[in-house]
Amino acid sequence: MIEQDKMKESTISFHRRAVTLERERLNGKRIMDILISLVSIILLSPFFLIISVLIFIFDGRPILFKQVRSGVHHTPFTMYKFRTMRESKAVSYQWKDKVPDDFVFKRGSNPNITPLGKILRKTSLDELPQLFNVLKGDMSIVGPRPEVPHITNFYDHHQAQRLAVKPGMTGFAQINGRSDINHGQKIEYDLYYVYNQSIGLDFKILLKTFSIVLRRKGSY
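Note that the sequence shown covers residues 18 to 237 in the working numbering.
Following this line, the structure appears as structure tokens:
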């Protein structure tokens with residue numbers, strides 16, 4: 018009886034410690050998100066101004082493209098991007114049940130993308146406004162890319178696990194193919210991140226992301 022009580026106490030202590038460590042990890046990641054997003058917004062403010070002025074001059078308003086995306090645990094939020102397409106011309110895919118695993122999201126040849134928009138997409142500068150999503154707490158710097166509800170609503174139990182963490186500006190799928198991999202591959206890469214997430218992995222993804230952006234690999 019005494020041994021059983023000790024084992025029970027040991028198990029409870031282990032779970033409490035695990036919960037504490039996970040809470041500390043999440044708090045550490047949130048602090049990192051706030052610091053990186055805030056410093057980046059300040060340092061990149063000239064780019065925000067220049068890009069906004071260029072969009073206004075060549076393409077008019079609105080400056081930003083806003084779209085509802087699925088956040089952690091399916092919580093909806095409004096994601097921001099610099100507008101790269103002609104107003105009301107955003108592509109919307111619809112499926113009767115779920116997205117085919119072999120479907121590849123390719124938008125590089127879309128005729129509705131503006132000339133300036135092509136440059137912004139090629140350099141990934143259109144993603145900069147998402148720093149405000151990170152600062153607000155809707156997103157993280159690193160995590161699975163946020164999807165639209167009409168895709169996540171069809172997730173099965175396995176796929177839905179990618180929504181167990183906050184979506185990110187960049188993620189494991191982005192450094193392993195981005196727009197060159199299909200839907201099923203992207204899900205598996207994102208799930209790998211969910212199961213193996215750590216501050217160390219986040220830094221590796223960030224470093225690889227900078228390298229990819231500089232080489233303009235996988236952009237569209």
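Each residue gets a CB set at the ideal place from its N, CA and C atoms; glycine is no exception.
Local conformation of G45 per DSSP, three classes: helix
Whole-number beta carbon distance between S157 and K46, since they are thought to touch under 8 Å: 7 Å
Nearest neighbour of I68, chosen from H91, T140, R179 [CA to CA]: T140
Exposed unless 16 or more other CB atoms sit within 10 angstroms - verdict on V85: exposed
R138 - DSSP class collapsed to helix/strand/coil: helix
Opening and closing residue of the alpha helix (DSSP H) in which T169 lies: 166 to 169
Three-state class that DSSP yields for S228 in the structure shown: helix
Span of the beta strand (DSSP E), counted from its first residue to its last, around L81: 81 to 87
For Q178 and G77, the rounded distance between their alpha carbons: 40 Å
Per-residue burial, N213 [other beta carbons within 10 Å of its own, 16 or more giving buried]: exposed
Whether L142 touches F64 by CB criterion (8 Å): yes
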